Structures are given as C-alpha cells and as structure tokens.
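Asks:
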Amino acid sequence: MEWRMAPPGMAEAAGTVVAGLLAGGHEAYFVGGCLRDELLGRPVHDIDITTSALPEEVMALFPRCVPTGLAHGTITVLQEGYSLEVTTYRTESGYADHRRPEHVVFVRDVREDLRRRDFTINAICCGLDGGRIDPFGGERDLKLRVIRCVGEAEERFEEDALRMLRCVRFASVLDFAIAKNTWRGLLRQRDKLAHIAVERVRAEVERILEGPHPQRGLGLLLRSGLLPRGKAPFPWTGRDLAAAAARLAGLGNLESARLRWALLLHALGSSAQCADELLRAWTFPGATRTGVVAVLRVREAWDAALLSARPEASGAGERLRRRWIAAVLGQGQSAAEGWLTVLDAAGAEAASPVTTSLLRSWTAEMPIRTLAELAVSGHEVTAALEKRPGPWLGVLLNQLLLAVAAGDLANDNQLLLQAAQRMDRDE
C-alpha cells in the first residue's frame, strides 16, 4: 500500500503494525475513513487497522498498547510516536439506546466486520500489498459521489441514530449526493435522533457548518427535519432556516468558526441573549459561545445607534461615530471587527447608511481601546478624589476611556485626573 495523502511517518508506523500482525499469523488491513480520504485525494489524519487477532493477541504482539475499547475489541498501539487504533473483526447487535451495541461478537471474516459499518465509502479495507476488499461497492460510490448505507438504511439508522447526522455531514463536507434509499431511510428514522446526546449532535453540526460546503449542509438539515427532533432546543421553523440559508452566500468565505455561527444566528434573527442561551443548551465551549455572543452584542449596539440617529439632524455623523466607539469599547475590538466581517459576508441585505469601511476607519483612529491602556489607574483616581472604591469607580474609568478613545481628551495622567475630578463634581 502506497500512501500519498497520509504523513509519511504515520504511514510507516501503520505499515509496521500491519506487518507485525501478519507475522504473528493474523489477518490485518487498513480500513475505513483513511482509505476513503486516500482514494479521494484528501488529507489522511488517522489510519485505522482491522484484524482477525483478538485484543489480547494484539497486546501480546506490541509492547506499547492502551486498551482504549477492550470490550469492543479496540486496542490503541503506540508505534513510532503515533497512536493507531487496531480493532478485532466483530459483529454488533442489540442497540437498545440507538447508539451503542449491547452485544459484540468477534468474528474471523473481514467481510462480516465491514458489513456492520455505516456507509459503503467507509466499508473498504486494503492490505499491505495494496489489494482492496470492497464487498459493498464503496469505490464505485466514491466515483459516483454518493453516500449510501451498507445494507438496509433503516436498519443502519435504527442501530445508531447519530449516523443520520453523519450522513448529512459526509454529503456536505464531501459535496456528495445521498442515495434515494438512504435518504428515505433517514426520513423514516429521523425521530430517533431524540435518543442522541446533545454533545454528539452539536459536534456533527459544527463539522457541517465549519466545513467547505456549509450551505449544502444547511439545506440538507432543513430538508431532513433532523434538528427539531433532537434533545437540544431548536426554536426555529423550517421556514426560518430556509430564509436564513438563502441569505448565507458569504458563509463559506468566513474561515473563523465563531463568525460562521454569528452569521448563521444573525440570519436566523437571534438576539444576543437568545444566542447565549441556545449555545449553552447545545453545550458549546465557553470561548466559542462568548465570542459569538459578543459579535451579536456589537450588532445590537450598532442597530440601536442607527435607530436613534436622524440623518438630517446636524451632528448625526459624529453621534454615530461615538456610538460605534462605545460599542468597540464595550465588547472589544475583536468582536467589533468580527461584526464588520459578518456584515461584509452578509452582503447587500445588511447594508446600512454607514459603510463598514467607515466603521473600520473610526476604529483605526481610536488612540486606545482598553482600560489597561488608560494613563491613570483606579488607585490614582480614588486617591485624588479621596473616596473609597466602589461601583462608581468602574463607571468613571469607562467615561474617561470613552473620552480618550473618542479624541476628547489626551491620554495624559494629570489631564485624566483633572477630568475625573470634574466628572465627580458633576455627579
């Protein structure tokens, strides 16, 4: 087997493991996604191995092993700095929770092992000599660019309901079609998604939205009706998602996952607060959630500024500049720049009287953007005013920050202390 798309070190380590299994009198093949990606010319990130050797036989052959899934026949072999999963041929049955098999039986025929897999493109194995075993036409489906279940689609989705989202994800990421029988089986079994943990659903949806063809994935999710049937709240109708998908032409140009989610939630009309609650319920990591919500809060601050502005009134432009600067200070420069990027990606539908280039120029002109850059400390302010620290101090420091950022005051220690005294008297 000559690998073109796998790192040479990984390919060599995997070949050593397969050769070791063969030398021990067992069968062994490269299997699954690594072959799919190799045949498609996509980068191979992991190489999995299937073998006739029982788990204890695998562990006897290799000195450095981790029994990562002993009950299911999986041993991780540590070889030349790489972790390689080696799994014994097996059959599965009794999927009581529509996710994990209750019964695993080790078998001696690799074709029986391939029969339990989800899609034909993942049910291909290859020997060290390059000879492939493909009993379900996976190579043909790769050429046809189609996702097709191994055997009966309804049975595959009944066994593991997460496979329905994996089906959509593969079709989206690979830009493949879904076979008619597979799609019909998905629609018949879609209510089973209610059995799948929110974390697993979220991980698949992330891969769809953050992949190379997010609009295709969103369209398939819309037509499948899967998301409203999951455990996580999904407060939109199909009509909402259809309208949003039609407005997401710029989604694929956004490299940042945070901005892709911000653009999607913006297109769905979600408020920052609702987005925060939704992302929490969907178990998003805190950093992603706070980043998305900050972008949407900049949007809300700017929308409020536009609503309050009267273009015909004198000084309207200056008032908008100050409101924009306040939004940058309130949510951070990263969130403000993220919102401008989302605006650009959203295109004409998000057009406003003020261009994003003008907003960027206002940001660039700000001499400081954070309290840490302010040339006076809270301790100095309390000492000058002879007052105990309290909530008033944060308010006053932010007033000074806005004055400096807007160009009303120079960022000078003495000038800022004098301004603090004036502000305190005015209070």
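In the numbering used here, the protein residues as written are 35 to 461.
The beta carbon of each residue, even a glycine, is placed where N, CA and C say it ideally should be.
Keep in mind that this is a model prediction, so the values were computed, not measured.
Using only the alpha-carbon positions, how far apart do E414 and V100 sit?
Replies: 58 Å
Asks: Please name the residue, chosen from L69, V232 and G253, that lies closest to R314 on a Cα-to-Cα basis.
Replies: V232
Asks: Tell me which residues share the same chain as G325 and place their Cβ nearer than 7 Å to its Cβ, disregarding the 5 neighbours each side in the sequence.
Replies: R292
Asks: Are the CB atoms of M39 and E61 nearer to each other than 7 Å?
Replies: Contact: no.
Asks: Could you tell me the distance, in whole angstroms, from the CA atom of R222 to the CA atom of E193?
Replies: 13 Å
Asks: Using only the alpha-carbon positions, how far apart do L431 and A361 sit?
Replies: 16 Å
Asks: Could you tell me whether the Cβ atoms of R357 and A370 are closer together than 7 Å?
Replies: no
Asks: With DSSP as the reference, identify every bridge partner of L112, one or two as the case may be.
Replies: S117
Asks: May I ask which residues mark the beginning and end of the alpha helix (DSSP H) holding V139?
Replies: Unbroken run through V139 is the beta strand (DSSP E), H137 to F140; no alpha helix (DSSP H).
Asks: Is DSSP giving P262 helix, strand or coil here?
Replies: In this structure, P262 counts as helix in the three-state DSSP scheme.
Asks: Distance check for A380 and G286, CA to CA, integer angstroms please.
Replies: Taking the straight line joining both Cα atoms gives about 11 Å.
Asks: Can the beta-carbon of V141 be found less than 7 Å from the beta-carbon of T85?
Replies: T85 sits away from V141, with the two beta carbons spaced by 7 Å or more.
Asks: Please state the DSSP three-state secondary structure of D442.
Replies: coil
Asks: Within a Cβ cutoff of 7 Å, which residues of the same chain sit near A309, ignoring the five residues on either side of it in sequence?
Replies: L299, V326, V327 and L330
Asks: In chain order, what are the residue ranges of uninterrupted alpha helix (DSSP H) at least 4 long that sit wholly in the stretch 271-353?
Replies: 272-280, 291-301, 306-315 and 320-342
Asks: Please confirm whether G164 and Y63 have their CB atoms less than 7 Å apart.
Replies: no
Asks: Less than 7 Å separating the beta-carbons of T154 and R182?
Replies: Going by C-beta atoms, T154 is nearer than 7 Å to R182.
Asks: In terms of residues, what are the limits of the beta strand (DSSP E) holding G424?
Replies: For G424, no beta strand (DSSP E) segment is defined, and its DSSP state is neither H nor E.
Asks: Leaving out the 5 sequence neighbours to the left and right, which residues in its chain are closer than 8 Å to G264 when beta-carbon positions are compared?
Replies: L227, A228, I230, V232 and V235
Asks: Give the DSSP bridge partners of E126, in chain order.
Replies: Answer by DSSP bridge pairing, in chain order: V138.
Asks: Assign I359 to one of three DSSP states: helix, strand, or coil.
Replies: Here I359 sits in helix by DSSP.
Asks: Do G251 and S304 count as a contact pair if the criterion is CB distance below 7 Å?
Replies: Taking C-beta atoms as the reference points, S304 and G251 fail to come closer than 7 Å.
Asks: Please report the distance separating the alpha-carbon of F204 from that of L112.
Replies: 29 Å
Asks: Using a threshold of 7 Å, state whether the C-beta atoms of L363 and A454 are closer than that.
Replies: no
Asks: Pull up the CB-CB distance for T50 and E114, whole angstroms please, since I reckon it's below 8 Å.
Replies: 7 Å
Asks: Are the CB atoms of I402 and N445 nearer to each other than 7 Å?
Replies: yes
Asks: Can the beta-carbon of T122 be found closer than 7 Å to that of G103?
Replies: no
Asks: One question on the structure: do L485 and A418 come within less than 7 Å of each other, judged by their Cβ atoms?
Replies: The question about residue 485 has no answer, for the chain in this structure spans 35 to 461.
Asks: Considering only C-alpha positions, which residue in the set R151, T125 and L148 is nearest to V139?
Replies: T125
Asks: Measuring straight from C-alpha to C-alpha, what distance separates T390 and D337?
Replies: 13 Å
Asks: Report the three-state DSSP secondary structure of F64 (helix, strand or coil).
Replies: Per DSSP, reduced to three states, the secondary structure at F64 is strand.
Asks: Got a sec? Which residues, its chain only, sit under 6 Å from R151 by beta carbon, not counting five neighbours each side?
Replies: A157 and V184
Asks: Write down the C-beta distance between L260 and R224 rounded to the nearest angstrom, noting that I regard them as a contact closer than 8 Å.
Replies: Rounded to the nearest angstrom, the Cβ distance from L260 to R224 is 5 Å, consistent with a contact under 8 Å.
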